[in-house]
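Number of protein chains: 2
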Amino acid sequence: MRRSSPGALRPTRRHVVAALLSWIALAGLPGAIVPHANAQSVAAQAADPLPSWNEGTAKQSIRAFVEKVTQEGGGDFVPVAERIAVFDNDGTLWSEQPVYFQFMFALDRLKELAKANPALAGQEPYKSALSGDPKALAALGEKGLLQIVALTHSGITVTEFNTLVRDWLKTARHPRFDRPYTELVFQPMLELLAYLRANGFKTFIVSGGGVEFMRAFTETVYGIPPEQVVGSSGKTEFVLDGDVPALRKLPEVEFIDDGPGKPVGINRFIGRRPVFAAGNSDGDQQMLQWTTLNTGPRFGLIVHHTDAVREWAYDRASHIGKLDKALDEAPARGWLVVDMKADWKTIYPFEAK
Amino acid sequence: MRRSSPGALRPTRRHVVAALLSWIALAGLPGAIVPHANAQSVAAQAADPLPSWNEGTAKQSIRAFVEKVTQEGGGDFVPVAERIAVFDNDGTLWSEQPVYFQFMFALDRLKELAKANPALAGQEPYKSALSGDPKALAALGEKGLLQIVALTHSGITVTEFNTLVRDWLKTARHPRFDRPYTELVFQPMLELLAYLRANGFKTFIVSGGGVEFMRAFTETVYGIPPEQVVGSSGKTEFVLDGDVPALRKLPEVEFIDDGPGKPVGINRFIGRRPVFAAGNSDGDQQMLQWTTLNTGPRFGLIVHHTDAVREWAYDRASHIGKLDKALDEAPARGWLVVDMKADWKTIYPFEAK
């Protein structure tokens, strides 16, 4: 047993705030969603599995890692069963600006609820949230955000919530790109996911985002089935009404899968220590530590948002996806910091068309 | 949204008591364990995938179900991605008498702890537990059992716990059969797992037992990898000591995966509604409801312990694995009740040798 260590890390207020919007959790039965055009472009590249990555250290180090862990008889060989790769979602597999996409869902749902119940529009924090005023939104604070999440993500069954998310993803458009949110995924990361899977890796999402929100699209968009999605969640309750069973979503947080919650979630849901982890913020720091500070070959990757033209540029001072401590830690730990602007030929799949 | 229904079912005291021993939860990184002799016998049966099942309704109905859901173009076809099968563990995949095997582990660990700290042997409830007197054990009650679980399943890291369980499974012997506990698995159920997997099903364990306890053996014994094991759990905490990260097991219950907790756990970990569920007690009732009370083809199976000679015979009055309400409900729901004595040619793999 390890003796009492310097820092017992449980999710702190900082993590709760950071994860706040993203834990807007819950509900997710499978099914089909907007079919995306990424699959073909990914599948066709037998020669270069990472065509949207510019030649350079980043691409080389990924390929070198995959080659060594799959080389049977080599000293760094990793058996297929242990090839577990974990990916953060917001900011790692898809964009997260100007605000977590799940929060846009929450706001849209709040508007719907206010239509059905006009009194809501006069009550805080809903009034500020519905105003559309960025200052009012920013002033909501932790308590207000939690109330909005609780209202918009509970009171229905998991099946109903899943339908709501799917319907929203079909119609909602990103304010900057005027495209469905599911098109704002990173082409290089789709290629990386496919490349790892083609080499026997099992790919998981480990995100602060709501697990039931993500499960509504991960299978179609990323090729990651619901049972390989780990995320934040709210409590649910089983009810049986005659012959009709349901899981009702309650307005209570169950688990925040962020910061030190990520290794906890990995252990709880996966039960194996990953050999590959990718993230983009300080919320991924402990997941990167848990993955890479282990014996045997390990790979840690940080997506650094450096492209203000094609995507966004932000890190240490960002209110979303803040990357500060993990960026400082990266060199000593040997984590690959991907420079989005320099390392990625293409960012979104639609650019290539 | 469904309106308030007659019974909002959260785990009650009954469930907590029932799950009590079994939630002796936590910790589990993978690895190899006692290699078992079941694989060959299972693999060799191309003609009859269920050779340890006697001919009859039980075997026929299982085969008919698998054939119809895998028949492409048929009205009952289920796509591979949705072929999720969930299995309870204690009493369904292996025996659970005279007491949950995990509790035997807890008692053995308590003995070890008492060797290192002799004062424990004089303190209740440990004194009663260490006495070996069945009456004293029975009198421990919920509080005493919880204290024993807390003591024996915490204070170490998940990695250390995993090693403890593996080591115990290698040396401990079942009191009646004088064999490792992992040999007391049901040959017909091993065949059923393999048969389902050969037909595109993904098999999961959904058990009141501790997830980290089970993960130490499910891959080798059942062919079920850690990431497909859902169970009860205790809280863990991430700690980083210099360059050494660890997950420390805390003496707090996190989740009881029993009774109405089973559909909750299925939704949380798997995120799909299963098409096949197997259990053996009232703790599986809600899992069977959640699985079978749905559109499309569904299969519910209850293992009824009816063989006092080869295994044990118990149901409505048992203190472990009580089967009462689910047995009453089975006919109306169309759940298959497997009569162990009549339907199973072989019970344990070692019988066949």
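Chain order of the listed sequences is A and B. All residue numbers for the first sequence refer to UniProt numbering, where the first residue is 1 and numbers rise by one. All residue numbers for the second sequence refer to UniProt numbering, where the first residue is 1 and numbers rise by one. Quick reminder that beta carbons are idealized off the backbone N, C-alpha and C, glycines included. The structure displayed is predicted, hence computed values, not measured ones.
Under 8 Å between C-beta atoms of residue i and residue j
{"i": "residue 358(A)", "j": "A58(A)", "result": "Since the displayed chain A opens at 1 and closes at 353, residue 358(A) lies outside it and no answer follows."}
{"i": "A326(B)", "j": "S281(B)", "result": "yes"}
{"i": "D257(A)", "j": "V221(A)", "result": "no"}
{"i": "V80(A)", "j": "V69(A)", "result": "no"}
{"i": "V229(A)", "j": "T218(A)", "result": "yes"}
{"i": "G234(A)", "j": "H305(A)", "result": "no"}
{"i": "W335(A)", "j": "L301(A)", "result": "yes"}
{"i": "S95(B)", "j": "L184(B)", "result": "yes"}
{"i": "Q102(B)", "j": "G209(B)", "result": "yes"}
{"i": "P263(B)", "j": "L247(A)", "result": "yes"}
{"i": "G259(A)", "j": "Q286(A)", "result": "yes"}
{"i": "V158(A)", "j": "K249(A)", "result": "yes"}
{"i": "E212(B)", "j": "F161(B)", "result": "yes"}
{"i": "P274(B)", "j": "V86(B)", "result": "yes"}
{"i": "R316(A)", "j": "L323(A)", "result": "yes"}
{"i": "A139(B)", "j": "S128(B)", "result": "yes"}
{"i": "A114(B)", "j": "L93(B)", "result": "no"}
Rounded C-alpha distance that separates residue i from residue j
{"i": "I156(A)", "j": "V239(A)", "result": "12 Å"}
{"i": "R179(A)", "j": "I347(A)", "result": "14 Å"}
{"i": "V253(A)", "j": "V338(B)", "result": "40 Å"}
{"i": "W168(A)", "j": "F105(A)", "result": "7 Å"}
{"i": "P251(B)", "j": "R272(B)", "result": "31 Å"}
{"i": "Q60(B)", "j": "L196(A)", "result": "41 Å"}
{"i": "D284(B)", "j": "V99(B)", "result": "18 Å"}
{"i": "G296(A)", "j": "R268(A)", "result": "22 Å"}
{"i": "A119(A)", "j": "L151(A)", "result": "14 Å"}
{"i": "P49(B)", "j": "P331(B)", "result": "26 Å"}
{"i": "R176(B)", "j": "R109(A)", "result": "59 Å"}
{"i": "G141(A)", "j": "F204(B)", "result": "41 Å"}
{"i": "A216(A)", "j": "A172(A)", "result": "14 Å"}
{"i": "N199(B)", "j": "R166(A)", "result": "30 Å"}
{"i": "G265(B)", "j": "F255(A)", "result": "13 Å"}
{"i": "E82(A)", "j": "D88(A)", "result": "19 Å"}
{"i": "G91(B)", "j": "W312(B)", "result": "10 Å"}
{"i": "Q97(A)", "j": "I320(A)", "result": "8 Å"}
{"i": "E112(B)", "j": "A194(A)", "result": "48 Å"}
{"i": "M340(B)", "j": "L145(B)", "result": "30 Å"}
{"i": "F299(B)", "j": "A116(A)", "result": "40 Å"}
{"i": "E329(A)", "j": "Q71(A)", "result": "30 Å"}
{"i": "A278(B)", "j": "M189(B)", "result": "10 Å"}
{"i": "residue 416(B)", "j": "P349(B)", "result": "Nothing can be reported for residue 416(B), as the shown portion of chain B is limited to 1 through 353."}
DSSP three-state assignment for residue i, whether helix, strand or coil
{"i": "S233(B)", "result": "strand"}
{"i": "D243(A)", "result": "coil"}
{"i": "V309(B)", "result": "coil"}
{"i": "G210(B)", "result": "strand"}
{"i": "V185(A)", "result": "strand"}
{"i": "K322(B)", "result": "coil"}
{"i": "G300(A)", "result": "strand"}
{"i": "L151(B)", "result": "helix"}
{"i": "A278(A)", "result": "strand"}
{"i": "T295(A)", "result": "coil"}
{"i": "V78(A)", "result": "coil"}
{"i": "K249(A)", "result": "strand"}
9 Å Cβ cut-off: residues of chain B touching residue i
{"i": "L293(A)", "result": "L240, D243, V244, P245"}
{"i": "E227(A)", "result": "I84, K202, F204, E227, Q228, F269, I270, G271, R272"}
{"i": "R215(A)", "result": "G271, R272"}
Under 8 Å by beta carbon: chain B residues contacting residue i
{"i": "R176(A)", "result": "Those within 8 Å of R176(A) in chain B number zero; the least Cβ separation is about 30 Å."}
{"i": "V211(A)", "result": "R268, G271"}
{"i": "P51(A)", "result": "Going along chain B, no residue has its Cβ under 8 Å from P51(A), so there is no contact; the nearest lies around 27 Å."}
Contacts of residue i in chain B (Cβ-Cβ under 7 Å)
{"i": "A106(A)", "result": "Those within 7 Å of A106(A) in chain B number zero; the least Cβ separation is about 17 Å."}
Interface partners of residue i on chain A, CB under 8 Å
{"i": "T236(B)", "result": "V264, N267, R268"}
Where residue i meets chain A, residues with beta-carbon distance less than 7 Å
{"i": "V275(B)", "result": "Near V275(B) there are no residues of chain A at all, since even the closest Cβ is about 12 Å away, more than 7 Å."}
{"i": "S233(B)", "result": "R268"}
Heavy atom of the ligand GDP within 7 Å of residue i beta-carbon
{"i": "W290(A)", "result": "With respect to the ligand GDP, the structure offers nothing, as it holds no ligand at all."}
C-beta neighbour in chain C for residue i, strict 8 Å
{"i": "A313(A)", "result": "Of the protein chains in this structure, namely A and B, none is chain C."}
- Report the residues of the region 176-191 of chain A with a CB closer than 8 Å to any CB of chain B, ordered along the chain. Of all residues in the region 176-191 of chain A, none has a Cβ within less than 8 Å of some Cβ in chain B.
- Query: If you measure beta-carbon to beta-carbon, which residues of the region 278-312 of chain B are closer than 7 Å to chain A?
  - Reply: Of all residues in the region 278-312 of chain B, the ones placed with a Cβ closer than 7 Å to any Cβ belonging to chain A are Q286, Q289, W290, L293, in chain order.
- Item | Residues in the region 141-172 of chain B having any Cβ partner in chain A nearer than 7 Å | From the region 141-172 of chain B, only G155, I156, T157, V158, E160 have a Cβ closer than 7 Å to chain A.
- Message: So if I threshold CB-CB distances at 7 Å, which residues from the region 320-344 of chain B count as touching chain A?
- Response: Here the close residues number zero.
- Given a limit of 9 Å on CB to CB distance, which residues of the region 250-261 of chain A reach chain B? Those residues of the region 250-261 of chain A that come within reach of chain B (Cβ to Cβ, closer than 9 Å) are E254, F255, G259, P260, G261.
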